[in-house]
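Working notes, beginning with the structure itself.
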């Protein structure tokens with residue numbers, strides 16, 4: 118699993134999204150020291166500014 122700090126969120130690139138989708142790696146975003154978003158290939162998507170959003 119890849120751990121990402123929430124403060125780095127805007128810097129996440131489409132390349133990371135592609136890696137999530139292609140390799141099936143789990144990504145966990147930490148905000149204020151607590152898990153914020155956990156993503157796998159099934160729920161990784163990109164919005165216009167390159168941030169990763171979690172689909173419902």
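Numbering (our numbering), first residue to last: 118 to 173.
The beta-carbon is built from N, C-alpha and C at its ideal position, and this holds for glycine as well.
| Asked | Found |
| --- | --- |
| Same chain, Cβ closer than 7 Å to residue 155, neighbours up to 5 away in sequence not counted | 143, 145 |
| Opening and closing residue of the beta strand (DSSP E) in which residue 142 lies | Segment: none, residue 142 is in no beta strand (DSSP E) and carries neither H nor E. |
| Alpha-carbon to alpha-carbon, residue 122 and residue 245 | Nothing can be reported for residue 245, as the shown portion of the chain is limited to 118 through 173. |
| Residues of its chain near residue 133, where Cβ-Cβ distance is below 6 Å and the 5 sequence neighbours each way are ignored | none |
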